[in-house]
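Numbered by the numbering used here, the letters in the sequence shown go through residues 7 to 275 in order. Just so it is clear, CB atoms sit at the ideal spot from N, CA and C, and this is done for glycine as well. This structure is a prediction, so every number in the text was calculated from the model and none was measured.
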Amino acid sequence: MTAASAVLAALGILAWPDTRARARLRGLTRQPGAFTRPRWLWPPRLPLLLAAASAVGLLAFGPGGAAAAALITATLWRLHKIRRTQDATIAAVAGLAEALRSFADALRTGAHPVAAAEAAADDAHPDAATVLLTIAAASRLGGDIEQALATTDLPALAGHLPELGMAVRLSTRNGLPLADVLDATRRDLQLRARHAKTVQARMAGPRTTATILAALPLIGIALGESTGVSPIHVLAHTGIGQAMLVLGALLTSAGLVWTAKLTAQATHR
């Protein structure tokens, strides 16, 4: 009963909305003057997941099982974060390309660059909106747009902001139409986003293969139990079994993380 409760608690934590989703929900349901819980009071999900997984592992396989369960849980969390980072980067690049399209279209209608950038930022991806508002602020104050973009803290667009800054500088110094320069940058960003999406889809096969290979030890344990070898008893009640549990979890985790790193490099190459 305790193990089942721990598993259900872990599943509930995984299904809990992330920070951005909670913020949207609070914005929809918040009443004027209502108390808002500070962010630091929200319990972090990873420690709770590790505690739940360790409890299940301890009940099922002893201390070695607790360590192995914690390792696997931390690895799955890491893989989840890597995948979310990849998706966020692709979405930010595609969003910036679309925002630059709106920016260039507004410039072609005769709008002032500051007004055009602010108008394009209204419906843009959050990161793209930050970029456009940075351009608008630097233009309004007569500052260096390239330097302003270089100091903008947007990890998902870190590799693209210097290029955008150079494009704006090229337009300013050589008298090129800013709309045309933005269009060229937008096309490059669109191609990169499409390429990343294509490669990410093609990497689904290798990721699935890695997952299947990681699950092979479980199949081996099931086959051993079916033939009467009792590998679960060895793993749960012997010293060498406990060590094998931890070593197996460590090797499995290393393989999964290594595969995730390789596929991530291929996606953003």
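Alpha helix (DSSP H) segment containing residue i, residue limits
| i | result |
| --- | --- |
| Val235 | Counting along the chain, Val235 falls outside any alpha helix (DSSP H), and DSSP gives it neither H nor E. |
| Asp159 | Where Asp159 is concerned, there is no enclosing alpha helix (DSSP H), given that its DSSP letter is neither H nor E. |
| Met172 | Leu167 to Asn180 |
| His201 | Leu184 to Arg208 |
| Thr148 | As written in the sequence, residue 148 is Gly, which differs from the Thr given in the question. Premise fails: Gly148 is in no alpha helix (DSSP H) and is neither H nor E. |
| Pro53 | Arg51 to Arg114 |
| Ala6 | Nothing can be reported for residue 6: it is not among the residues displayed for the chain, which extend from 7 to 275. |
Check whether residue i and residue j have beta carbons under 8 Å apart
| i | j | result |
| --- | --- | --- |
| Ala156 | Leu167 | yes |
| Leu133 | Gly171 | The sequence shown places Asp at residue 133, not Leu. No, the Cβ-Cβ distance between Asp133 and Gly171 is not below 8 Å. |
| Gly1 | Ala74 | Because the chain is modelled from 7 through 275, residue 1 falls outside the range shown and cannot be assessed. |
| Phe67 | Leu257 | no |
| Leu188 | Leu106 | yes |
| Ala216 | Thr265 | yes |
| Ala289 | Leu82 | In the structure as shown, the chain begins at 7 and stops at 275. Residue 289 is therefore absent and cannot be evaluated. |
| Leu279 | Phe109 | The structure shown does not extend to residue 279, since the chain is modelled only from 7 to 275, so the question has no answer here. |
| Ile225 | Ile238 | no |
| Ala272 | Ile88 | no |
| Lys203 | Ile96 | yes |
| Ala154 | Ala94 | no |
| Thr136 | Leu160 | yes |
| Val174 | Ala142 | no |
| Ala76 | Ala59 | yes |
With 16 other Cβ atoms within 10 Å as the buried cut-off, status of residue i
| i | result |
| --- | --- |
| Ser145 | buried |
| Glu104 | buried |
| Gln92 | buried |
| Thr191 | buried |
| Arg36 | Low confidence applies to Arg36: its pLDDT is 44, below 50, so where it sits in the model is not reliable enough to give any reading. |
| Arg30 | Confidence at Arg30 is low in this model, with a pLDDT of 42, below 50, so the placement of that residue should be treated as unreliable; the coordinate-derived value is given next. Per the 10 Å Cβ criterion, exposed. |
| Gln206 | buried |
| Ser259 | buried |
| His131 | buried |
| Ala249 | exposed |
| Ala164 | exposed |
| Leu262 | buried |
| Leu56 | buried |
| Glu231 | exposed |
| Ala280 | Only positions 7 to 275 of the chain appear in the structure, and residue 280 is not among them; the question remains open. |
| Thr140 | buried |
| Leu34 | Its pLDDT being 42, under 50, Leu34 is placed unreliably in this model, and the value from its coordinates should be taken loosely. Looking at its Cβ environment, which holds fewer than 16 other Cβ atoms inside 10 Å, Leu34 is exposed. |
| Leu182 | exposed |
| Leu195 | buried |
| Thr79 | buried |
Task: Contact between the stretch 197-215 and the stretch 91-100 (3+ Cβ pairs under 8 Å) - done: They touch, by the three-pair rule.
Open item on the list: Whether or not the stretch 116-128 and the stretch 220-234 are in contact is what I'm after, with contact meaning three or more pairs of Cβ atoms, one per stretch, closer than 8 Å; do they touch?
Closed with: Look at the beta carbons and you see the stretch 220-234 not touching the stretch 116-128: under three pairs across the two are nearer than 8 Å.
TODO: Count the C-beta pairs between the stretch 53-71 and the stretch 237-244 that are closer than 8 Å, then say yes if the count reaches three, no if not.
DONE: Yes, the stretch 53-71 touches the stretch 237-244.
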